[in-house]
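Report on the structure given below.
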Amino acid sequence: MTQPAHEHDAKTPAAPQASSPPPAPDTAAAFLADRLPLMTRYVDALCDTGVSHGLMGPREVPRMWERHVLNCAVVHPGIARGAHVADIGAGAGLPGLVLAIARPDLTMTLVEPLLRRTTWLADVVEELDLPNVEVVRARADELWGQRTFDVVTSRAVARIGELARWSLPLVSRGGEMFVLKGSSAAEERDEDEAVLRRLRVRTAEVETWGEGTVEPPTVTVRLTVDGVAPQLTRKQAGTIDKTKQKPSRRPDRRA
1 MTQPAHEHDA KTPAAPQASS PPPAPDTAAA FLADRLPLMT RYVDALCDTG
51 VSHGLMGPRE VPRMWERHVL NCAVVHPGIA RGAHVADIGA GAGLPGLVLA
101 IARPDLTMTL VEPLLRRTTW LADVVEELDL PNVEVVRARA DELWGQRTFD
151 VVTSRAVARI GELARWSLPL VSRGGEMFVL KGSSAAEERD EDEAVLRRLR
201 VRTAEVETWG EGTVEPPTVT VRLTVDGVAP QLTRKQAGTI DKTKQKPSRR
251 PDRRA
């Protein structure tokens, strides 16, 4: 799996129609307390321009709180107070914007290579007046040697091994990578053990968050490194570069 290249403008189908946002569940009010009004405005944006700009599917609107926002919000106790955090492949701000809203003590950098996404993110950050958030249009590996962070997060971006190859070189000494994953997190971690070993991973702990607040609970993998992770190429990491594989002879069925 490869990271997406920078986006080029292209003709796209008509934008899907946005739907009315669902009300915040009682569990959101209990968990977010005084941050709930700001998070509600973010959910409104996800259900409106987030859908019309193609960042979220219209079918996700009814479950925006439980499946997406609370799924991300419940992990914030796992991040140290005052941490500098980078969210890799930030997309629509899940989990980066959610964490920045829930935790104003965090300094959040949203790293995303696609122009339409960074434009949307910057607009939402300005609209919500979030001084603790910056938006950076880049691939993770473009920041190697330039930026480091206490914590690097991501959600639904890639397999753990490939994501670790992109992200761990951005983790400062003593920091960690904190990945939101599904129920197969432990299996995926074990399957990618060889890559993690080459990246000097010391611990890879699977953790569960949000029981009683979100169903199913959120599963994360927390990686720490001995010293600083090396900047590995795909060949060095032993991963497959799909861009160099022979093209399929099947017709291109993309829209």
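Position 179, counted from 1, in the sequence shown is what the UniProt record's numbering calls 179; the numbers after and before it change by one each time, with no gaps. Positions of the beta carbon are idealized from the N, C-alpha and C atoms, including for glycine.
1. When you compare the CB positions of residue 180 and residue 220, do they come within less than 8 Å of one another, or not?
2. Check for me: the alpha helix (DSSP H) holding residue 126 runs from which residue to which?
3. Can you tell me whether DSSP reads residue 208 as helix, strand or coil?
4. Counting only runs that start and end within the stretch 47 to 117, where is the beta strand (DSSP E) found for 3 or more residues in a row?
5. Check whether the stretch 56 to 71 and the stretch 109 to 124 touch, using three or more Cβ-Cβ pairs below 8 Å as the test.
6. Residues bridged to residue 151 by DSSP?
7. With 16 as the cutoff for other CB atoms within 10 Å, does residue 227 come out buried or exposed?
8. Of the choices 105, 71, 82, whose alpha-carbon is the least far from that of residue 95?
9. Tell me the DSSP bridge mates of residue 223?
10. Measuring CB to CB, does residue 113 end up less than 8 Å from residue 144?
11. If you reduce the DSSP assignment to three classes, tell me which class residue 137 lands in.
12. Keeping to the same chain, check which residues put their C-beta closer than 6 Å to that of residue 110; ignore five residues upstream and five downstream.
13. Is it buried or exposed for residue 215, if we count other Cβ within 10 angstroms and need 16 for buried?
14. From residue 259 to residue 200, what does the alpha carbon distance come to, in whole angstroms?
15. Residue 155 and residue 101 look like a contact to me (Cβ under 8 Å); what is the Cβ gap, rounded to whole Å?
16. Would DSSP call residue 274 helix, strand or coil?
Judging by the given coordinates:
1. For residue 180 and residue 220, yes; Cβs fall inside 8 Å.
2. Under the DSSP assignment, residue 126 falls in the alpha helix (DSSP H) whose first and last residues are 115 to 128.
3. DSSP places residue 208 in strand when its eight states are reduced to three.
4. Entirely contained in the stretch 47 to 117, the beta strand (DSSP E) runs reaching 3 residues are, in chain order, 84 to 88, 107 to 112.
5. The stretch 109 to 124 and the stretch 56 to 71 do not touch, with fewer than three beta-carbon pairs separated by less than 8 Å.
6. Residue 151 has 85, 176 as its beta-bridge partners, per DSSP.
7. Answer is exposed; the Cβ neighbour count stays below 16.
8. The shortest Cα separation from residue 95 among 105, 71, 82 belongs to 71.
9. Paired residues: 177, 204.
10. In this structure, residue 144 does not lie closer than 8 Å to residue 113 by Cβ.
11. DSSP places residue 137 in strand when its eight states are reduced to three.
12. Closer than 6 Å at Cβ, skipping near neighbours: 87, 90, 96, 121, 135.
13. Exposed.
14. Here the chain has residues from 1 to 255 only, and residue 259 is not among them.
15. In fact, because the Cβ distance is near 15 Å, the residues do not count as touching under 8 Å.
16. Here the chain has residues from 1 to 255 only, and residue 274 is not among them.
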